[in-house]
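Report on the structure given below.
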Amino acid sequence: MLLSTPTILGLCWLAGARLTSAVPQVLSLEDHPRDQYVLLSSDKGMPPESLTNTHSLWSDRRQSQQPPGFVAFGDSYSAGIGTGVDGVEDECRLGSHAYPVLIFTDLAESQAPGTATFQFLSCTGSTTSNVLSGGDHSQVDKFNKSINADFAVLSIGGNDLGFFSVMNACIFRFYSFNSGSCETALQFVTDQIESSDFAQRLEMVIMEILDTVQWEKRPWFIITVTGYARFFSVETDECDNCTLGVWWQGPKLKRDVRQRMNDMVVAVNEKLRSSIDAVNSRFTTPKVLFVDYDAKFEGHRFCEPGVMEPAYNRTETWFFLVGGKDNNPNVTDPTPAPNATTVGIEYGASSKTLSPLSPLADPETCLGPAERSGDWGLLALCYMARAKRDYPSLEFTAEDVMIQNSMWYVPTYYGKTFHPRSLGHEKSRASACGLPPKQDMREKSR
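Put into structure tokens, the structure is as follows:
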């Protein structure tokens, strides 16, 4: 079911009261005893304002005395990898400007101080198995039932279907000659999409979330599943001789490759949509909403007309490049990047780094843990270490910059690539709530 109305069945009725505040809500991050993150509003808030009837399902909720809350499940696209950290980055690479955090900010601003709650369970590298109960790092098992949840957001599928293998084989070649062929990687994703396995796993995830929150007792509960955005513009062939490969002589961004990767994203979104329709067919009213924000990224993809990649200084690209800075207009990076006319590097003393004495990672032992984690950054670091071991003469595309910048040892440096930057998350937030972008973000990004 595609979102088309501004209320989306009342999903964000609590968050719509104060959308143009120029002062961001201050959030406190608390470690929950069950190893989950629970965000509580801590800034001065406003009493709940009178709410108009948006959907009959919400009448019971509006009479409830429980404080409002919601939960975020899923992978790195909802975790917001690369969009900033408050303190030390955790293993899930949770970003401070992820779209679930932005939704919570809106929600908290409309409520009395300290009442709205948010369980941030998304984790970089997660698959459907990591969401389901009983699995490794199960997100459903970490869900705290004692904290109220009126709706959930979910981003899942890219890791199940093999997004990273496509990125590695077709774009970056982290494992150099051992990265496999682009054709094989794309065909694998196609086979996964066409099989029934992923649809069944997605339906299991959705039904388990609904059962966990006891949807029968809260008929207003809605799950919003977000899709993915196409990565490239294919309007021109200007990018055909550009490369994003990490080694010299990397693969070119030919138009046909860009088109096939875009087609992959469209196919994934259609699979998500059809799977959600199948779940909703079991209920008298929709329990799951699909958000396709792809069209919002028009003009903000890689290889836009007149843009030669990698365009590190282009803030209007809404996806991260390897080592690229974020484009949050409300945050100023005090440290200038080396060689800033051609490359932008993310700095930050709070991030966890590998030892500078390490050749990225131990090529003999890194592969198993990296594959189990599903973390694109850990996989990239391990693949590069193993490639350098197997082919010592390999040279990095931007080795002079990497040597100057210790941040190239951080998994997030690589893991955030092809993920939305802050302005992309702002658009995702607006789409997920059927709301306009925050006023301060709109003005500063013009």
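Numbered by mature numbering (1 follows the signal peptide of the UniProt record, and there is no 0), the letters in the sequence shown go through residues -22 to -1, 1 to 424 in order.
From the three backbone atoms N, C-alpha and C, an ideal C-beta is built for every residue, glycine too.
#1: Going by DSSP in three states, Thr105 sits in which element: helix, strand or coil?
#2: So within the segment 173 to 229, which uninterrupted alpha helix (DSSP H) runs reach at least 4 residues, ignoring any that extend past its ends?
#3: Suppose you measure from the CA of Ala147 to the CA of Asp234; what does that come to, to the nearest Å?
#4: Which full runs of the beta strand (DSSP E) of 3+ residues lie inside the segment 214 to 302, going along the chain?
#5: Looking at the secondary structure, which residues open and close the alpha helix (DSSP H) in which Ala130 lies?
#6: Express the C-alpha separation of Pro389 and Leu5 in angstroms, rounding to a whole number.
#7: Give the DSSP-derived three-state secondary structure of Gly47 in the structure shown.
#8: With distances taken from CA atoms, which of Lys249, Thr221 and Pro288 is nearest Thr168?
#9: Excluding the five sequence neighbours on either side, which residues of its own chain have a C-beta within less than 8 Å of the C-beta of His403, listed in chain order?
#10: Thinking C-beta only, is Ile134 closer than 8 Å to Leu222?
#11: Short of 6 Å in beta carbon distance, which residues of its chain neighbour Ser107, apart from the five on each side in sequence? Order them along the chain.
#12: With a threshold of 16 other CB atoms inside 10 Å of the CB of Arg238, please say whether the residue is buried or exposed.
#13: Go through the segment 130 to 174 residue by residue and report every complete run of the beta strand (DSSP E) that reaches 3 residues or more, in order.
#14: Taking only three categories from DSSP, how would you classify Pro347?
#15: Quick one, are the C-beta atoms of Ile171 and Ala130 less than 8 Å apart?
#16: Counting only the same chain and skipping the five closest in sequence on each side, list residues whose C-beta sits under 7 Å from that of Val285.
#17: In the DSSP assignment, what are the bridge partners of Gly52?
#18: Applying the criterion that 16 or more other CB atoms from any shown protein chain within 10 Å of the CB defines a buried residue, is Trp296 buried or exposed?
#19: Nearest to Leu139 by CA position, among Arg196, Asp119, Arg179 and Gln117, is which residue?
#20: Measuring straight from C-alpha to C-alpha, what distance separates Pro46 and Pro197?
#21: Is it buried or exposed, Tyr361, if we count other Cβ atoms within 10 angstroms and call 16 or more buried?
#22: Measure the CB-CB distance between residue 503 and Phe374 and report whether it falls below 8 Å.
#23: Beta-carbon within less than 6 Å of Cys70's beta-carbon, same chain only, minus the 5 sequence neighbours each way: which residues are those?
#24: Can you tell me which of Ser154, Leu164, Glu342 and Val191 puts its alpha carbon nearest to the alpha carbon of Ser124?
#25: State the Cα-Cα distance for the pair Ser409 and Arg364, rounded to the nearest angstrom.
#26: Buried or exposed for Val66, going by 16 or more other Cβ atoms inside 10 Å?
#27: To which residues of the same chain is Tyr392 closer than 6 Å at the C-beta, ignoring the five residues directly before and after it?
#28: State the DSSP-derived secondary structure class of Ala408, mapped to helix, strand or coil.
#29: Distance, Cα to Cα, Ser157 vs Pro288?
#30: Give the DSSP-derived three-state secondary structure of Thr61 in the structure shown.
#31: Output the boundary residues of the alpha helix (DSSP H) element that contains Phe82.
#32: Which term fits Gly346, buried or exposed, when burial requires 16 or more other beta carbons within 10 angstroms of its beta carbon?
#33: Which two residues bound the contiguous beta strand (DSSP E) that contains Thr95?
#34: Nearest by alpha-carbon distance to Gln89: which of Phe98, Gln44 and Val63 is it?
#35: Ala365 lies in the alpha helix (DSSP H); which residues open and close that run?
#36: Can you tell which of Val257, Val212 and Lys265 has the C-alpha that lies nearest to the C-alpha of Pro283?
Taking the coordinates as given:
#1: As a first step, residue 105 must be located in the sequence shown, where it is residue number 127. Assignment of Thr105 by DSSP, reduced to helix, strand and coil, places it in the coil class.
#2: 175 to 190, all fully within the segment 173 to 229.
#3: Against the sequence shown, residue 147 aligns to sequence position 169. Against the sequence shown, residue 234 aligns to sequence position 256. Their backbone Cα atoms lie some 15 Å apart in a straight line.
#4: The beta strand (DSSP E) runs of length 3 or more contained entirely in the segment 214 to 302 are, from start to end of the chain, 266 to 269.
#5: Stepping through the sequence shown from its first residue, residue 130 is reached at position 152. Note, Ala130: premise wrong, no alpha helix (DSSP H); beta strand (DSSP E) at Phe129 to Ser133.
#6: In the sequence shown, the residue the question calls residue 5 occupies position 27. In the sequence shown, the residue the question calls residue 389 occupies position 411. The predicted position of Leu5 is uncertain, since its pLDDT is 37 and thus under 50; a value taken from the coordinates is nonetheless stated next. Here the alpha carbon of Leu5 sits roughly 26 Å from the alpha carbon of Pro389.
#7: In the sequence shown, counting from the first residue as 1, residue 47 sits at position 69. Three-state result, Gly47: strand.
#8: On the sequence shown, position 190 is the one that residue 168 refers to. Comparing Cα positions, the closest option is Lys249.
#9: As a first step, residue 403 is located in the sequence shown; it is residue number 425 there, counting from the start. Same-chain partners within the cutoff: Gly58, Thr61, Gly73, His75, Ala76, Tyr77 and Leu80.
#10: Translated into positions along the sequence shown, residue 222 becomes position 244. Translated into positions along the sequence shown, residue 134 becomes position 156. For the 8 Å CB-CB criterion, Leu222 and Ile134 do not form a contact.
#11: Counting from 1 along the sequence shown, the entry for residue 107 is found at position 129. Taking Ser107 as the centre and dropping the five residues before and after it, the same chain places the C-beta of Gly113 closer than 6 Å to its C-beta, in chain order.
#12: Looking up residue 238 in the sequence shown gives position 260. So Arg238 ends up on the buried side.
#13: Taking only runs of at least 3 residues, no beta strand (DSSP E) segment lies wholly in the segment 130 to 174.
#14: Translated into positions along the sequence shown, residue 347 becomes position 369. Of the three classes helix, strand and coil, the one that applies to Pro347 here is helix, per DSSP.
#15: One-based indexing of the sequence shown puts residue 171 at position 193. One-based indexing of the sequence shown puts residue 130 at position 152. No. Outside cutoff.
#16: By one-based count along the sequence shown, residue 285 stands at place 307. Taken in chain order, the residues that qualify are Arg292.
#17: Residue numbering aside, residue 52 sits at position 74 when the sequence shown is read from its first letter. Beta-bridge pairing links Gly52 to Ser133.
#18: Residue 296 sits at position 318 when you count from the first residue of the sequence shown. Around the beta-carbon of Trp296, 16 or more other beta-carbon atoms lie within 10 Å, marking it buried.
#19: The residue you call residue 139 lines up with position 161 of the sequence shown. When only C-alpha atoms are compared, the closest one is Arg179.
#20: Position 68 of the sequence shown, counting from 1, holds the residue named residue 46. Position 219 of the sequence shown, counting from 1, holds the residue named residue 197. Going by the C-alpha atoms only, they are around 15 Å apart.
#21: As a working note, residue 361 is residue 383 in the sequence shown. Flag for Tyr361 reads buried.
#22: An answer regarding residue 503 cannot be provided, because it is not within the stretch -22 to 424 covered by the chain.
#23: As a first step, residue 70 must be located in the sequence shown, where it is residue number 92. Excluding positions up to five away in sequence, the list reads Ala57, Cys101 and Thr102.
#24: The residue you call residue 124 lines up with position 146 of the sequence shown. Nearest of Ser154, Leu164, Glu342 and Val191 to Ser124, Cα basis: Val191.
#25: Reading the sequence shown from its first residue, position 431 is the one you call residue 409. Reading the sequence shown from its first residue, position 386 is the one you call residue 364. Near 41 Å, if we compare the C-alpha coordinates of Arg364 and Ser409.
#26: Residue mapping note: residue 66 aligns to position 88 of the sequence shown, counting from 1. By the Cβ neighbour-count rule, Val66 is exposed, with fewer than 16 other Cβ atoms within 10 Å of its own.
#27: Position 414 of the sequence shown holds residue 392. Correct list, in chain order: Val300, Gly355 and Ala358.
#28: Locating residue 408 in the sequence shown gives position 430, where the first residue counts as 1. Here Ala408 sits in helix by DSSP.
#29: In the sequence shown, residue 157 corresponds to position 179, counting from 1. In the sequence shown, residue 288 corresponds to position 310, counting from 1. Here the C-alpha atom of Ser157 lies approximately 21 Å from the C-alpha atom of Pro288.
#30: Within the sequence shown, residue 61 is the residue found at index 83, counting from 1. DSSP places Thr61 in coil when its eight states are reduced to three.
#31: For the purposes of this step, residue 82 is identified with residue 104 of the sequence shown, where counting begins at 1. Per DSSP, Phe82 belongs to the alpha helix (DSSP H) from Tyr77 to Glu87.
#32: Position 368 of the sequence shown, counted from the start, is the residue given in the question as residue 346. Looking at its Cβ environment, which holds fewer than 16 other Cβ atoms inside 10 Å, Gly346 is exposed.
#33: To locate residue 95, count along the sequence shown from 1; it is residue 117. Per DSSP, Thr95 is one residue of the beta strand (DSSP E) stretching across Thr95 to Phe98.
#34: As a working mapping, residue 89 is identified with position 111 in the sequence shown. Checked all of Phe98, Gln44 and Val63; the closest Cα to Gln89 is Gln44.
#35: The sequence position of residue 365 within the sequence shown is 387, counting from 1. Ala365 -> alpha helix (DSSP H) spans Trp354 to Asp368.
#36: Taking the sequence shown and counting its residues from 1, one reaches residue 283 at position 305. Of Val257, Val212 and Lys265, the residue nearest in Cα terms is Val212.
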